[in-house]
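Structure, as structure tokens:
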Amino acid sequence: MFGYYVELALRSLRLSRALTALMILAVALGIGASMTTLTVLHVLSGDPLPGKSSKVFMPRLDPRDKEGYDPTDELPVQVTWADGMNLLHAHRARRQALMTAGATPVQSDDAAIDPFIVPARYTTTDFFPMFDVPFRFGQGWSAADDASRARVAVIGADLNDRLFHGENSVGRIVHADGVDLRIVGVLAPWRAVPHFYDLNTGNYSVGEEVFVPLGTARDAKLKRNGGLECWGNKSSDEEGMETANCVWLQLWVELDDAAAVVSYRAFLDGYARDQVALGRFERPARTALPDVMRFLDEQRVVPSDVRLQVWLAFGFFLVCLVNTVGLMLAKFMRRAGEVGVRRALGASRRSVFAQLLTEAAIIGVAGGIVGLGVAFLGLAIVRMQPGAASQLAHLDLAMLLVTFLVSIAATLAAGLIPAWRTCRIAPALQIKSQ
Amino acid sequence: MSLDILPIVATLRRHRLTATLLVLQIALTCAIVCNAVFVIGDRLAWMTTPSGIAEDQLMRITVSDIGPRKDIHARVEADLAAIRGIPGVEAVTVGNSLPFGGNAWNSGLKLDRSQRSSSVDVATFYGESLAETLGSRLLAGRMFHPDEYRWVDDLVAEKATSSHVGIVTNDLARRLFPDKSALGEEILVGGEPVRIVGVLERLPAASGKAREDVNDTVLMPWRMIPAYGGGYFVRARKGETARVLKDAVAALKGVNPRRVVVEARPYTEIRGRFFAADRAMAVLLSSVSVALLAVTALGIVGLASFWVGQRRRQIGVRRALGASRADILHYFQTENFLLASMGIVLGMVLAYGINALLMKQYELPRLPLAYLPVGATVLWLLGQVAVLAPALRAASVPPVEATRG
Chain A
1 MFGYYVELAL RSLRLSRALT ALMILAVALG IGASMTTLTV LHVLSGDPLP GKSSKVFMPR
61 LDPRDKEGYD PTDELPVQVT WADGMNLLHA HRARRQALMT AGATPVQSDD AAIDPFIVPA
121 RYTTTDFFPM FDVPFRFGQG WSAADDASRA RVAVIGADLN DRLFHGENSV GRIVHADGVD
181 LRIVGVLAPW RAVPHFYDLN TGNYSVGEEV FVPLGTARDA KLKRNGGLEC WGNKSSDEEG
241 METANCVWLQ LWVELDDAAA VVSYRAFLDG YARDQVALGR FERPARTALP DVMRFLDEQR
301 VVPSDVRLQV WLAFGFFLVC LVNTVGLMLA KFMRRAGEVG VRRALGASRR SVFAQLLTEA
361 AIIGVAGGIV GLGVAFLGLA IVRMQPGAAS QLAHLDLAML LVTFLVSIAA TLAAGLIPAW
421 RTCRIAPALQ IKSQ
Chain B
1 MSLDILPIVA TLRRHRLTAT LLVLQIALTC AIVCNAVFVI GDRLAWMTTP SGIAEDQLMR
61 ITVSDIGPRK DIHARVEADL AAIRGIPGVE AVTVGNSLPF GGNAWNSGLK LDRSQRSSSV
121 DVATFYGESL AETLGSRLLA GRMFHPDEYR WVDDLVAEKA TSSHVGIVTN DLARRLFPDK
181 SALGEEILVG GEPVRIVGVL ERLPAASGKA REDVNDTVLM PWRMIPAYGG GYFVRARKGE
241 TARVLKDAVA ALKGVNPRRV VVEARPYTEI RGRFFAADRA MAVLLSSVSV ALLAVTALGI
301 VGLASFWVGQ RRRQIGVRRA LGASRADILH YFQTENFLLA SMGIVLGMVL AYGINALLMK
361 QYELPRLPLA YLPVGATVLW LLGQVAVLAP ALRAASVPPV EATRG
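Those sequence lines, one after another, are chains A and B.
Going by the UniProt record's numbering, the first residue of the first sequence is number 1, and it counts up by one from there.
Going by the UniProt record's numbering, the first residue of the second sequence is number 1, and it counts up by one from there.
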């Protein structure tokens, strides 16, 4: 029976090509626009640490002075050197990493290659296991390397391709800002989207290519270029950042379960109260411990333009659907005579209804296929836009499936009223008017 | 015309569902397009914010030197001398940021010491003769004297004492001192007392400020160094920007071949990048608006054709009873006008609803009332154009159709 419906539907669709094309186009444009914007939103609001983001937390404190104090102020998202080191060395979490951003010129041994600048991260040993960073060769440095400020580095996949043609470069030397660092590990391609662990360098900034122990980077005076927030009148000198009244380091901790979170929170509160008692913190002790997704949410990482675009696309889709319902209604009603004949010949209301819905579904499938093309085109245009984030927008399999399902569901829904109206036509009335 | 309205309304009531759908479609289109056009206008206004500098003559070059950095000041002077030697260079300096350049430096600003929190957060600009190099216009007072400049690293290391003077923009001057001239007044910038010696026409911040206070900026007499994040800002003779940029990069490489050129861009490109997302949004909104109007027009064509097809006999009867072709044409045009009007009224209400949401979510201003007549006219015209072909087809139905079927 279904095959017969499909045949009837195709014949009917062929009869009014312009109208059919118009309906398919409307559905396709709506679907394409919605899928494009949804894919972008999906990529930009994704979980940068799948399966683990609920176990990784950012301890937040308020070390600022009393000036301009407002209890509703947000807590800083970075910590001072002193607090970072205190919390790091307390080892109260399963893992903890203290880090800051840098940008370092890298020079190749090959004189033909001009020196170039790469983004760098100065961090501590737990960075790699805590953020599930994949290695191609070697591994991260040890806690001992952190402590002894060893001249070691982990480099990214791109830099390894550029300097060492993708070979295993573990044990070789990378010249960063005139400092020789021994490579202990090479990463597989890796990029956190959003760049959750340090939003100061941009919400969707590209991954770092050189990772150096924090202490080593400070010793070797590697260039720091991360976010910096200072207070008081004393200016901040690059050399004296360890004692400056500035927050400039990101601290992240990994906590296994709810009990660990509760106990870490208690520890953090106690620490803040101690600092207030010591007179180091001038403001009342306040702390926060958001996990990765909550932090991203609080920081409104997803650009508001992207959300606006999603709403716009849905509005557009809605207009296209209303348009399709109207056209389908017109089309089905025009066939009132044909439906009357079929009904008089014994076709049940149910079968007329099923046949008309089949027709709607065919428009849905066609709209879905063309809509997919529109979405591919839309995403290609998005990727051409400047901005680090837009290049990430690719249609994945799940979105592809959603495209089809939404398209068919939408046209079926659009076909429901027209089909219902049409199949209610009394057979006798139509035959008479013929 | 007016006589037609009652029968039209009567007919439309028999097509209640299709007519409602068409009204709904026009209303949604009206609401979305009105808001889209409004947002486009808003973005265009932001994108064309004047910077008050010689945009098409300027460029920025940032370099990074490798290895230990000694004798910073002498090296900066050598670099500047090398660039000055290039024919076509009008001025050059090392500065910290450019209007809409993306690299903002901010400081809290207070009017006096007793004040606990900052009056405003201002963007700060440093660089020897920065205003002169960029081409910012002085409205009152004076630019800095050569002996007022200090090296920024000397100030940080407390090897030098500030000369305690500053230049503000006109917007900031009026915000801080609405009733009197700002010249000679003392303010505190980042805790440092500063006497205002000049007022610039404008110097927008590099980034991160709200539109209405983007011009709240202060210029300080500090000589910038590349190691602190400074870039070489070069002003070329008109029309020679591209060549000067190439020569300046070569000159900087000539001074020290081991350095990395991080960026070398004409200012127009820097500004373009800053507004890229706004431009993309404006383009997107325009395309969606055009697509929406097209879909709606096609929908009108489709439904009107259907109605014409359904009413062929009725039209034939009217023609046989003496209605002229023009009467039939007007009938369908009036019908469309009625439907469009209903859609427009509903659409305007919706438009204000959407606008209210946008105002809350995206801090957009209120939709100006001027959008109402313009939007209405556009949709009426669109409807009339779309309905013309089906209406003409209806008008061509011969009276003999009355006898058929």
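For every residue, glycine included, the Cβ atom is placed at its ideal position computed from N, Cα and C.
Review point. Relative to the ligand HEM, is the shortest distance from any of its heavy atoms to the C-beta of B/A291 smaller than 7 Å?
Key: Annotation note on the ligand HEM: not contained in the displayed structure, which lists no ligands.
Exercise for review: Under 7 Å Cβ to Cβ from B/V255, same chain only, skipping five residues before and after it: list those, please.
Suggested key: Answer for B/V255: A78, D79 and A82, listed in chain order.
Exercise for review: Reducing DSSP to helix, strand and coil, say where A/S53 ends up.
Suggested key: helix
Review point. Are the C-beta atoms of B/V397 and some chain A residue less than 8 Å apart?
Key: no
**Study point:** Cα-Cα separation, A/L278 to B/T169
**Key:** 43 Å
Review point. Chain A beta carbons: is any one of them nearer than 8 Å to that of B/Y362?
Key: yes
Review point. Any idea what DSSP makes of A/H89, helix, strand or coil?
Key: Residue state, collapsed to three classes: helix.
Check your understanding: Are the region 287-299 of chain B and the region 22-40 of chain B touching by the rule of at least three beta carbon pairs closer than 8 Å?
Key -> These segments touch.
Review point. In chain order, what residues of the same chain have a beta carbon less than 8 Å from the beta carbon of B/H164, not counting five sequence neighbours either side?
Key: E192, P193, V194 and R195
Practice item. Kindly give me the distance between the Cβ atoms of B/L22 and A/G326, rounded to whole angstroms, as I take these residues to be in contact under 8 Å. Key: 6 Å
Review point. Whose Cβ in chain B lies nearer than 8 Å to the Cβ of A/V319?
Key: Q25, L28, T29, I32, L292, V295 and T296
Practice item. Examine chain A for any beta-carbon lying closer than 8 Å to the beta-carbon of B/S64, and answer yes or no. Key: yes
Point to revise | Rounded C-alpha distance that separates B/V92 from B/G135 | key: 11 Å
**Study point:** C-alpha gap between A/V276 and A/G232, whole angstroms
**Key:** 17 Å
Exercise for review: Identify the contact partners of B/M281 in chain A, using a Cβ-Cβ distance below 9 Å as the criterion.
Suggested key: D305, L308 and Q309
Exercise for review: For the beta strand (DSSP E) holding A/R172, just list the boundary residues, first then last.
Suggested key: A/R172 -> no beta strand (DSSP E), and no H or E assigned at all.
Review point. Quick one: does B/F306 have its CB under 8 Å from some CB of chain A?
Key: yes
**Study point:** Spatial neighbours of B/E401 in its chain, beta-carbon cut-off 7 Å, leaving aside the 5 residues before and after
**Key:** Counting only residues of its own chain and dropping the five nearest sequence neighbours on each side, B/E401 has a CB closer than 7 Å to the CB of R312, R313, I315 and G316.
Review point. Between A/V325 and chain B, is there a C-beta pair that is closer than 8 Å?
Key: Chain B contact via Cβ: present.
Review point. Touch check for the region 309-316 of chain A and the region 25-44 of chain A: three-plus C-beta pairs under 8 Å?
Key: yes
Review point. Is it buried or exposed for A/V262, if we count other Cβ within 10 angstroms and need 16 for buried?
Key: Counting every other CB atom within 10 Å of its CB across the protein chains shown gives A/V262 a total below 16, marking it as exposed.
Practice item. Pick out whichever of B/A297, B/S324, B/I354 and B/R273 has its Cα sitting closest to the Cα of B/L388. Key: B/A297
Review point. Which one or two residues does DSSP pair with B/K180 in a beta bridge?
Key: None, per the DSSP bridge assignment.
**Study point:** Pair within 8 Å by beta-carbon distance, A/A176 and A/V106
**Key:** yes
Review point. What three-state label does DSSP hand residue 461 of chain B in the structure shown?
Key: Because chain B is modelled from 1 through 405, residue 461 of chain B falls outside the range shown and cannot be assessed.
Check your understanding: Looking at the structure shown, is A/T125 part of a helix, part of a strand, or coil, going by DSSP?
Key -> Here A/T125 sits in coil by DSSP.
Review point. In chain order, what residues of the same chain lie with their CB nearer than 7 Å to the CB of A/G166, ignoring the 5 residues before and after it?
Key: N160
Exercise for review: Output the distance between the C-alpha atoms of B/A251 and B/K209, rounded to the nearest integer angstrom.
Suggested key: 35 Å
**Study point:** Cβ separation of A/Q96 and A/V253, assumed to be a contact under 8 Å, to the nearest whole Å
**Key:** 5 Å
**Study point:** A/D132 versus A/V210, A/A347 and A/G51, residue with shortest Cα-Cα distance
**Key:** A/G51
Review point. Cβ of B/Y228 within 8 Å of Cβ of B/D154?
Key: At least 8 Å separates the beta-carbon of B/Y228 from that of B/D154.
Practice item. Below 9 Å between beta carbons is the criterion; list the residues of the region 7-34 of chain A that meet it against any residue of chain B, in chain order. Key: Cβ contacts with chain B: A18, L19, L22, M23, L25, A26, L29, G30 and A33.
Review point. Hey, quick one: how far does the beta strand (DSSP E) through A/W190 stretch, first residue to last?
Key: Here A/W190 belongs to no beta strand (DSSP E), and DSSP marks it neither H nor E.
Review point. Taking the alpha-carbon positions, what's the residue 436 of chain A to A/D145 distance?
Key: Lying outside 1 to 434, the shown extent of chain A, residue 436 of chain A is not represented and no answer is given.
Exercise for review: My understanding is that A/G156 touches A/E209, with C-beta atoms under 8 Å, so please give their C-beta distance in whole angstroms.
Suggested key: So it is a contact: roughly 4 Å between Cβ atoms.
Point to revise | When A/A330, A/A272, A/S351 and A/A361 are compared against A/L75, the one with the closest alpha-carbon | key: A/A272
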